[in-house]
Amino acid sequence: MQRRDFLATTLAATAALSTTTLANAQATTTTQKNQFKLKYAPHVGHFNSVGKDPVDQIKRMADLGFTAIEDNGMPKRPVEVQEAMGKALAELNMDMGVFVVSSDFQNPTFTSGKKEYAEKALDDMKKGLEVAKRVNAKWCTVVPGTFAHNLAMGYQTANCVELLRRMCEICEPSGLIMVLEPLNHFANHPDLFLHLIPQAYEICRAVNHPSCKILFDIYHQQISEGNIIPNIDKAWSEIAYFQTGDNPGRREPGTGEINYRNIFKHLHQKGYTGVVGMEHGVSVKGDEGEAVLVQAYVDADNF
1 MQRRDFLATT LAATAALSTT TLANAQATTT TQKNQFKLKY APHVGHFNSV
51 GKDPVDQIKR MADLGFTAIE DNGMPKRPVE VQEAMGKALA ELNMDMGVFV
101 VSSDFQNPTF TSGKKEYAEK ALDDMKKGLE VAKRVNAKWC TVVPGTFAHN
151 LAMGYQTANC VELLRRMCEI CEPSGLIMVL EPLNHFANHP DLFLHLIPQA
201 YEICRAVNHP SCKILFDIYH QQISEGNIIP NIDKAWSEIA YFQTGDNPGR
251 REPGTGEINY RNIFKHLHQK GYTGVVGMEH GVSVKGDEGE AVLVQAYVDA
301 DNF
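Per the numbering used here, the very first residue in the sequence shown carries number 1; after that it's consecutive.
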């Protein structure tokens with residue numbers, strides 16, 4: 001056999017073997033109950049192969065070994081659906097991750113100091129408290145609006161801190177924790193006030209309440225500032241929650257530049273027992289994409 005023919009045959013066989021191995025691995029991860037070291041939380045919508053019913057999707061997640069879920073839009077679901085989801089989570093011993101209780105991507109809701117914005121945020125929190133009770137949620141997401149461009153940063157920060165303290169008073173009896181999510185300026189949200197982990201850390205220290213902590217979204221912070229593990233360590237006392245998504249693309253781990261295996265190992269070694277929310281899209285659609293998604297977390301959890 002000519003050398004070039006031998007190489008071509010060998011490469012083709014290797015590629016076929018790799019494809020077969022990957023297919024077998026993906027098939028395994030979607031038919032067995034995986035034993036994850038961290039509480040990875042798929043979103044409702046990640047497992048549409050079982051239909052659109054969120055309860056059926058929760059059951060599918062549990063069958064695959066996931067021990068938590070996320071559902072940003074939970075407050076918009078009918079009360080009876082929230083209650084059914086809460087019941088399913090309790091029966092399956094799964095945690096409810098975050099849902100969004102207050103966010104505004106167009107107005108300076110927390111920074112301007114305006115009464116009407118403050119009243120809306122406080123009302124959102126009161127409604128969010130009722131949602132949390134139905135689904136036994138421990139955390140809810142707060143995005144503190146845009147910059148107030150007519151005010152210096154110090155005044156904006158003070159206004160934000162004051163409103164968060166008032167929201168903490170609503171949370172306190174139940175123990176619900178607001179998690180503040182910094183969102184990146186460069187790829188997604190250029191006008192939002194909160195965009196850096198040190199900034200969120202400063203605000204949480206100023207609020208000084210157990211109901212106000214940080215949501216560390218690794219995707220956003222890779223874009224905003226990088227230095228992921230050192231920033232996790234520096235802000236650790238104020239972090240209550242993590243979310244994932246690789247960059248670029250905001251899809252499952254392994255599709256971008258972030259070394260999620262090392263990050264997950266670091267969280268595990270620090271004793272993190274909270275939820276790691278899978279707030280991202282998928283690189284492959286359909287049933288195959290679900291298998292790829294699960295395999296990505298099996299791989300990243302292999303430390």
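Ideal Cβ placement from N, Cα and C applies to all residues, glycine included.
Endpoints, the beta strand (DSSP E) within which Asp217 is located: Cys212 to Asp217
Can you find the residues in the same chain that come closer than 6 Å, C-beta to C-beta, to Gly256, ignoring five residues on each side of it along the sequence? Asp246, Asn247, Pro248 and Gly249
Around the Cβ of Val79, are there at least 16 other Cβ atoms within 10 angstroms (buried) or fewer (exposed)? exposed
Proximity winner among His43, Asn34, Ser224 and Glu225, relative to His280 (alpha-carbon distances): His43
Do you know offhand how far Ala118's Cα is from Glu288's? 45 Å
Taking Val131 as the reference, which of Ile58, Ala41, Cys171 and Ser283 has the closest Cα? Cys171
Do Gly97 and Glu70 have their CB atoms nearer than 7 Å? yes
Ignore the nearest five residues each way along the sequence and tell me which others in Leu196's own chain have a CB closer than 7 Å to its CB. Pro182, Ser224 and Glu225
Hey, Lys87 and Asp301: beta-carbon distance below 7 Å or not? no
Thinking C-alpha only, which one of Leu180, Asn227 and Phe193 is nearest Thr141? Leu180
Between Val81, Gly51, Gln82 and Tyr40, which lies nearest to Ala62 when the distance is taken from Cα to Cα? Tyr40
When you compare only the Cα positions, how much space is there between Ser103 and Lys270? 30 Å
Applying the 10 Å Cβ sphere with the 16-neighbour rule, what's the burial state of Asp233? exposed
Would you mind stating whether Thr146 and Phe110 have Cβ atoms separated by less than 7 Å? no
Applying the 10 Å Cβ sphere with the 16-neighbour rule, what's the burial state of Arg205? exposed
Who are the Cβ neighbours of Pro253 in its own chain at under 6 Å, not counting the five residues just before and after it? Asp246, Tyr260, Ala296 and Ala300
Three-state class that DSSP yields for Gln243 in the structure shown: strand
How about Gln57 and Phe47: do their beta carbons lie closer than 7 Å? yes
In three-state DSSP terms, what is Ile258? coil
With distances taken between CB atoms, is the gap from Cys212 to Leu164 smaller than 7 Å? yes
From Cys168 to Asp124, what does the alpha carbon distance come to, in whole angstroms? 13 Å
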